[in-house]
Amino acid sequence: MSDKFPATQLRTAPHPGLVMPRAPATPAVAPGSHPEERFAGPTIAQDLVVLGGLYRDLLALAVWRRLSARFPEEAREVNS
């Protein structure tokens, strides 16, 4: 067994030579509280901003590929 994890946190994997750590137990939800309020990850708006940035970058790449295919000499000058 590995020294990184105590024996109480380990369970055997399908292969007898592998050992996998247990997933942490989910905390109990107090009455009247919503689990969504405790979520510390990004909001939907933040996810949309990231996706918009990715879309913008992909669009710029597609435009650049089209322009560089149409004007190869100018593209080489810009790249150098």
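Start counting the sequence shown at 156; every next residue gets the next number (this note's numbering). Cβ coordinates follow ideal geometry from the N, Cα and C atoms, glycine included.
- Looking at the backbone, the Cα of Leu222 and that of Glu229 are separated by about 9 Å.
- If you look at Ser223, you'll find it in the alpha helix (DSSP H) that goes 199 to 225.
- DSSP, read as helix, strand or coil, puts Ala230 in helix.
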